[in-house]
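Colleague:
Number of protein chains: 2
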Amino acid sequence: MELPEGYNFRRVKVTDHNEYLDVLRVLTTVGEINEAQFKELVDHWNSVEGIYYPQVITDTQGKVVATGCLVVERKAIHQCGKVGHIEDIAVCKLQQGKGLGLVLIQGLTAIAEKEGCYKVILDCSDHNVGFYNKCGYTHSGCEMVKRFD
Amino acid sequence: MELPEGYNFRRVKVTDHNEYLDVLRVLTTVGEINEAQFKELVDHWNSVEGIYYPQVITDTQGKVVATGCLVVERKAIHQCGKVGHIEDIAVCKLQQGKGLGLVLIQGLTAIAEKEGCYKVILDCSDHNVGFYNKCGYTHSGCEMVKRFD
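For the protein sequence lines, the chains are A and B, in the order given.
409 is the number of the first residue of the first sequence in the numbering used here; add one for each residue after it.
409 is the number of the first residue of the second sequence in the numbering used here; add one for each residue after it.
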């Protein structure tokens, strides 16, 4: 799967602030995050090398239309192996149906492989299992959650 | 749930090397990891503040008998919220049945709450759902995986 012409897959920048947060709002509650707070977060992601890979897809105008993050965890098991966690995949409503989600997952998965992960995992709802199967992922367990809010 | 008398819940140390890896071997493949490699890993976990909380339970002799790790991820969603990921829960075979797994999950969950996470998630196999229900976790989705090895 390829991106439409003029679209781009790249790391998030501090200047993506409003566009990035707007895309995430299709997914869940984001709240009000001002420019300084967003900068602090992106700076943190950039400061801890080899852990966060927050990526976006931009359209022909350079506007952020999809987001997703790979988090690389260093473990002891599997010979001090690394596991990639894919998080917060969101595609802006008007851009859905163009295969951007698939390109995003392929892109994040490729980063994980290049960084030496032995596997990549992600959690999804039952109705998204088919989509992730198309991305080459298979069902392997149950996600359990405890919320504090 | 409380620890048996003389047992302790604490962060892993470089000197736990062999005992820590032996406990993890009940879970999956660990491989041969020498002292220098283990030190490098623990030093890495310690160097990136606020991300890794690799914990152990020790018995009355100070021997490592259970392990588990909390990884705290900083997100943009939920007002720049934090999510805890519980990973690699292992209890040494001879010590199973004493409730150590439950204490471990409670201890890691308490760290996540103290660190300001809005939720904690973990992945498990179907037959462990009942155990995590007892720990206060509920089933919320599917774990999907892609392996490179």
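Ideal Cβ placement from N, Cα and C applies to all residues, glycine included.
Could you give the DSSP three-state label for Cys525 of chain B: helix, strand or coil?
Modeller: strand
Colleague: Compare the C-beta of Asp467 of chain A with all C-beta atoms of chain B and state if any pair is closer than 8 Å.
Modeller: It does not; no Cβ of chain B falls within 8 Å.
Colleague: Could you check whether the Cβ of Thr423 of chain A sits closer than 8 Å to any Cβ belonging to chain B?
Modeller: no
Colleague: In three-state DSSP terms, what is Thr475 of chain A?
Modeller: strand
Colleague: Name the residue from B:Tyr428, B:Glu495, B:Gln469, B:Phe446 whose alpha carbon lies nearest to the alpha carbon of Tyr460 of chain B.
Modeller: B:Glu495
Colleague: From Gln469 of chain A to Glu410 of chain A, what does the alpha carbon distance come to, in whole angstroms?
Modeller: 18 Å
Colleague: Give a yes or no on whether the C-beta atoms belonging to Lys471 of chain A and Glu427 of chain A are separated by under 8 Å.
Modeller: yes
Colleague: What separation, rounded to the nearest whole angstrom, lies between the Cα atoms of Tyr415 of chain A and Trp453 of chain B?
Modeller: 37 Å
Colleague: Are three or more beta carbon pairs between the stretch 535–546 of chain A and the stretch 509–524 of chain A nearer than 8 Å?
Modeller: yes
Colleague: At 9 Å on the CB atoms, spell out the chain B contacts of Asp430 of chain A, in chain order.
Modeller: Within chain B, no residue comes near Asp430 of chain A; the closest Cβ sits about 11 Å away, beyond 9 Å.
Colleague: Can you give, in chain order, each stretch of the alpha helix (DSSP H) that sits fully within the stretch 478–549 of chain B and has at least 4 residues?
Modeller: 485–488, 508–522, 537–542
Colleague: Taking Ile497 of chain B and Cys488 of chain A to be in contact with their CB atoms under 8 Å, please state how far apart those CB atoms are, rounded to whole angstroms.
Modeller: Wrong, their Cβ atoms sit about 18 Å apart, outside the cutoff.
Colleague: Classify Phe417 of chain B as helix, strand or coil using the three-state DSSP reduction.
Modeller: strand
Colleague: Is the shortest distance between the beta-carbon of Arg419 of chain A and the beta-carbons of chain B less than 8 Å?
Modeller: no
Colleague: Using the DSSP secondary-structure output, state which residues sit across from Pro462 of chain A in a beta bridge.
Modeller: A:Cys477
Colleague: So, with DSSP's three-state summary, where would you put Val450 of chain A?
Modeller: helix
Colleague: Once the 5 residues before and after Asp531 of chain A are set aside, which same chain residues still bring their CB inside 7 Å of it?
Modeller: Glu551
Colleague: Using 8 Å for Cβ pairs, my map puts Cys500 of chain B next to Val431 of chain B. What's the rounded Cβ distance?
Modeller: 5 Å
Colleague: List the residues of chain B whose Cβ lies closer than 9 Å to the Cβ of Asp451 of chain A, in chain order.
Modeller: Correct list: empty, because the minimum Cβ distance to chain B is about 11 Å.
Colleague: Quick one: grab the DSSP three-state call for Glu410 of chain A.
Modeller: coil
Colleague: Leaving aside the five residues before and after Glu481 of chain A along the sequence, list all residues of the same chain whose C-beta is less than 7 Å from its C-beta, in chain order.
Modeller: Lys490, Val491, His493
Colleague: Please report the Cβ distance between Leu508 of chain B and Ala484 of chain B, rounded to the nearest whole angstrom; I am assuming they are in contact, meaning their Cβ atoms lie under 8 Å.
Modeller: About 36 Å separates the beta carbon of Leu508 of chain B from that of Ala484 of chain B, a gap too long to meet the 8 Å contact definition.
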